[in-house]
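Residue numbers (my numbering): 244 to 430.
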């Protein structure tokens with residue numbers, strides 16, 4: 244059972260039958276959307292409306308606060324709108340099996356997007372297995388479009404969706420302006 248095709252096919256079958264705890268696939272290069280070419284993120288940031296950094300060196304995205312200081316940012320994953328918690332302590336970006344299953348059923352998560360299984364430690368110290376996946380299209384606040392973002396699918400349906408280091412590492416700096424309720428992403 245070391246054959247990757249068998250592993251991936253098994254995951255798809257489990258996903259269709261309602262399995263939880265499945266994840267994705269790795270792609271080492273993240274790109275911003277600049278048709279018709281894929282341009283490395285270091286070279287270009289896309290901004291759809293003027294805002295914080297009109298020179299495109301930084302882009303401001305509005306956020307909402309929940310539970311006191313928890314920052315929630317609007318995200319679109321392969322076209323599906325979600326709110327994710329901005330979590331500087333999360334090693335990766337995490338979605339639940341429910342979101343992964345929905346993406347799969349809508350044709351927005353394919354077999355080639357599944358990477359492998361990996362163990363992760365949760366904030367409370369528990370070790371869990373998640374499926375690493377590749378998110379082909381990842382939009383932050385309708386302003387920043389990224390491609391080929393690695394994320395992890397976790398089984399816990401109650402777990403929050405986390406915007407973690409697999410996205411944050413792509414930016415030189417990310418700062419929070421609480422007065423204006425924006426997160427500023429700088430290249």
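Glycine included, each C-beta is placed from N, C-alpha and C at the ideal position.
This structure is a prediction, so every number in the text was calculated from the model and none was measured.
Residues in the same chain with beta-carbon distance under 8 Å from residue i, minus the five sequence neighbours each way, listed in chain order, please.
i: residue 366; result: 332
i: residue 350; result: none
i: residue 411; result: 331, 417
i: residue 296; result: Here residue 296 scores only 37 on pLDDT, less than 50, and its place in the model should not be relied on; the value that follows carries that caveat. 290, 302, 303, 427, 429, listed in sequence order.
i: residue 369; result: none
With DSSP run on the structure shown, which of helix, strand or coil describes residue i?
i: residue 266; result: Only weak support is given to the placement of residue 266: the predicted model assigns it a pLDDT of 36, under 50, and the question is left unresolved by the model.
i: residue 303; result: strand
i: residue 290; result: Any answer about residue 290 is weak, because its pLDDT of 39 lies below 50 and its placement is not dependable; what the coordinates show is given next. Correct three-state label for residue 290: coil.
i: residue 389; result: strand
i: residue 361; result: strand
i: residue 352; result: coil
i: residue 273; result: Because residue 273 sits at a pLDDT of 42, beneath the cut-off of 50, its placement in the model cannot be relied upon, and the point is left open.
i: residue 319; result: strand
i: residue 398; result: coil
i: residue 431; result: A query on residue 431 cannot be resolved here, the shown segment of the chain reaching from 244 to 430 and no further.
i: residue 404; result: coil
So, are the CB atoms of residue i and residue j less than 9 Å apart?
i: residue 393; j: residue 377; result: yes
i: residue 305; j: residue 317; result: yes
Measure from the alpha carbon of residue i to the alpha carbon of each residue in the options, then state which is nearest.
i: residue 397; options: 349, 375, 420, 321; result: 375
i: residue 335; options: 409, 373, 425; result: 409
i: residue 387; options: 314, 310, 428, 312; result: 428
i: residue 314; options: 361, 352, 326, 416; result: 326
i: residue 395; options: 351, 372, 383, 349; result: 372
i: residue 352; options: 368, 363, 370, 321; result: 321
i: residue 302; options: 383, 412, 407; result: 383
i: residue 343; options: 362, 364, 319, 426; result: 319
Please work out which residues of its chain come closer than 7 Å, Cβ to Cβ, to residue i, disregarding the five sequence neighbours upstream and downstream, and give them in chain order.
i: residue 345; result: 323
i: residue 416; result: 429
i: residue 307; result: 315
i: residue 279; result: Confidence in residue 279 is poor, its pLDDT being 31 and thus under 50, which makes the residue's placement too unreliable to answer from.
i: residue 300; result: 429, 430
i: residue 407; result: 330, 333, 334, 335, 336, 337
i: residue 405; result: 327, 328, 330, 333, 336, 337
Starting from the C-beta of residue i, find all residues in its chain whose C-beta is less than 6 Å away, skip the five residues before and the five after it, and write them out in chain order.
i: residue 310; result: none
i: residue 363; result: 371, 373
i: residue 250; result: Bear in mind that the predicted position of residue 250 carries a pLDDT of just 47, short of 50, making it unreliable; the figure below should be weighed with that in mind. So no residue of the chain qualifies.
Checklist entry - Pairing CB atoms from the region 394-404 with CB atoms from the region 335-351, are three or more of them under 8 Å? => result yes
Checklist entry - When the Cβ atoms of the region 419-427 are set against those of the region 349-366, are three or more pairs found closer than 8 Å? => result Taking one beta carbon from each stretch, the region 419-427 and the region 349-366 have fewer than 3 pairs nearer than 8 Å; the two do not touch.
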